[in-house]
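Written out below as structure tokens is the structure these notes cover.
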Amino acid sequence: MVNIFVITYSTYGHINKVAESVVTGLKKAGAVVSRYQIAETLSDEILAKMHAPPKPDLPVIQAKDLVEADAFLFGFPTRYGTTPAQVKAFFDSTGQLWTKQALAGKPAGFFFSTASQHGGQEVTVFSTLPILAHHGMIYVPFGYANAHLFDNSEVIGGSAWGAGTIANGDGSRQPSQKELEIAENQGENFAKVAAKLAA
Ligand SMILES: Cc1cc2nc3c(=O)[nH]c(=O)nc-3n(C[C@H](O)[C@H](O)[C@H](O)COP(=O)(O)O)c2cc1C
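If you count by the numbering used here, then the sequence shown holds residues 13 to 211, one letter each, in order.
Okay, structure coming up:
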């Protein structure tokens, strides 16, 4: 059975909600799933000023943990259309794994969240890809595997780059049913690809 880590960073919880559906999809395809969160780098004072809720009860991932997984799905919100500093700081701690190319050949995918519809969902993944390239990891996109990605009748996050949600500037919008179905679909498809690569 393929062993997949779902590793998230979330300030306001939207990504954690999307991750639940991703996990459902991964398990549906028979994967063994472990959930982790990425360490916060902001102070409690700043987080309070940002009205951030408490973090979920999940283990904080350490660089050394990564070698135990066959594959990874990373979820995080955009920051100015690119990778959050918290995620970057975590990957900056993986230098020892990089020197040994310990993660080379392991598949990875992404899901994401933005405040606005055109706030940078696709470019957030695109600008994170160099990290995978330098580790020799294999990026697994979602493609257009779910019909909701063709549905223009309402606002729907996500794209060929992965599942996504749109939170609104004040965080008031929650992941929609269609976004969660895309996320579950991504989990299921990713687990199948990861299982083939791990075989
Ligand atoms: C410093 C900062 C920069 C942000 N930059 C963007 C941005 O470029 N585009 C956008 O749509 N949302 C932006 N946001 C909004 C976050 O992406 C949004 O709060 C997040 O997607 C909600 O997900 P979460 O609940 O999992 O934290 C930014 C938020 C912060 C705090």
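C-beta atoms are modelled at their ideal positions from N, C-alpha and C, and glycine is treated no differently.
- Message: By the DSSP assignment, the alpha helix (DSSP H) with GLN198 in it spans what residues?
- Response: Within the sequence shown, residue 198 is the residue found at index 186, counting from 1. First-last of the alpha helix (DSSP H) with GLN198: 189–210.
- Message: Between which two residues does the beta strand (DSSP E) holding VAL18 run?
- Response: Against the sequence shown, residue 18 aligns to sequence position 6. VAL18 -> beta strand (DSSP E) spans 15–20.
- Message: With the cut-off set at 9 Å, would you say ALA207 and ILE194 are in Cβ contact?
- Response: The residue given as residue 207 occupies position 195 in the sequence shown. The residue given as residue 194 occupies position 182 in the sequence shown. Not in contact: ALA207 and ILE194 (Cβ atoms no closer than 9 Å).
- Which same chain residues, not among the five before or five after TRP110, have their C-beta less than 7 Å away from its C-beta? Counted from its first residue, the sequence shown places residue 110 at position 98. Here the set comprises HIS146 and HIS147.
- With a threshold of 8 Å, establish whether the CB of SER22 neighbours any heavy atom of ligand 1. Numbered from its first residue, the sequence shown carries residue 22 at position 10. Flag set: Cβ of SER22 near ligand 1.
- Message: As an exercise, report each continuous alpha helix (DSSP H) stretch of at least 4 residues that is fully enclosed by the segment 105–193, in chain order.
- Response: Qualifying alpha helix (DSSP H) stretches, in chain order: 107–112, 133–138 and 141–147.
- Task: State buried or exposed for PHE123, treating a residue as buried only when at least 16 other CB atoms are found within 10 Å of its CB.
- Result: On the sequence shown, residue 123 is found 111 positions in, with the first residue counted as 1. For PHE123, the number of other beta carbons within 10 angstroms of its own is at least 16, and it is reported as buried.
- Message: Which complete beta strand (DSSP E) runs does the segment 53–106 hold, if anything under 3 residues is left out?
- Response: 83–89
- Leaving out five residues on either side along the sequence, give the residues of the same chain with a beta carbon under 6 Å from the beta carbon of GLU134. Reading the sequence shown from its first residue, position 122 is the one you call residue 134. Once the five neighbours on either side are set aside, the close Cβ partners of GLU134 are SER171 and TRP173.
- Is it true that the CB of THR136 sits closer than 9 Å to the CB of GLY93? Start at 1 with the first residue of the sequence shown, and residue 93 comes out as number 81. Start at 1 with the first residue of the sequence shown, and residue 136 comes out as number 124. Against a cut-off of 9 Å, the Cβ pair of THR136 and GLY93 comes out as a contact.
- Can you grab the Cα-Cα spacing for the pair PRO96 / THR140, in whole Å? The residue you call residue 96 lines up with position 84 of the sequence shown. The residue you call residue 140 lines up with position 128 of the sequence shown. The alpha-carbon atoms of PRO96 and THR140 are separated by roughly 10 Å.
- Message: Less than 8 Å separating the Cβ of SER55 from some heavy atom of ligand 1?
- Response: Locating residue 55 in the sequence shown gives position 43, counting from the first residue. Distance from the C-beta of SER55 to the nearest heavy atom of ligand 1 is not below 8 Å.
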